[in-house]
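Written out below as structure tokens is the structure these notes cover.
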Amino acid sequence: EKRLKDEREDLQDEIDVLRAEKNDLQVELRSIKNKSENERKKEKSWSEELKRVAEENSKLQRDERKAREAYMSLEEAYSAEAQTQKEKIDSLTSALESTRKARVDENRSMNCKLEALKEEVDIERRKRKEMEDQLLSSAAKCQSLEAMLQCVEEEHAVNEHAQLRSAIKRAEAAEEKLKVVRSLQALEEQRSCSSCEQLLIEIADLSDHIKNIEEEK
């Protein structure tokens, strides 16, 4: 029984191993089938691609023939147009050469005129420079004269102010003298009714007052 049991276990182990191998083989088979399916799809795709490329190649060949025919037609037209353009270019070149020679002669004449104008401009520039120098000199002289005139005017104003003050002082002195004379006249009128001593005192006071005024002046 033990031997049978051991054999059964060994057989079970072998069965498990075989089942595992079967599973691995099934997985590998599915992988192979998938690869085969993918390869079949690729072959189909390649076949379709080859067919499409063949159609495109045929279309390109037709387009190439049409393009070659159009190119030949264009080349013929271009050759004729090129001949016409060449004739036009030759004519234009001749006209341009004549125009260039005329322009050269005109430029030579204009250069001579420009040189003459430059000389005239230089002369006018020198004249203007001389006039500007004269104007600057005149402006400096005017500024100097204005400064002198201002000094004279200021001095004249100072003199006028001094003369005015002197005249005011003279007027004030004359007014004071007039007051003194009037006082003396009043005293003379009052001489008959005043004593001699009182009159002498008032005269002395007036004399002192006049003396003080003169000292203040």
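Once you know that position 148 of the sequence shown is 148 in UniProt numbering, the rest is easy, because the numbers rise by one and skip nothing.
We treat Cβ as the ideally placed atom computed from N, Cα and C, and that holds for glycine.
Since the model is a prediction, treat every value here as computed from it, not as a measurement.
Local conformation of residue i per DSSP, three classes
| i | result |
| --- | --- |
| M131 | helix |
| Q12 | helix |
Neighbourhood of residue i by C-beta distance below 6 Å, restricted to the same chain and skipping five residues each side
| i | result |
| --- | --- |
| K33 | none |
| N38 | none |
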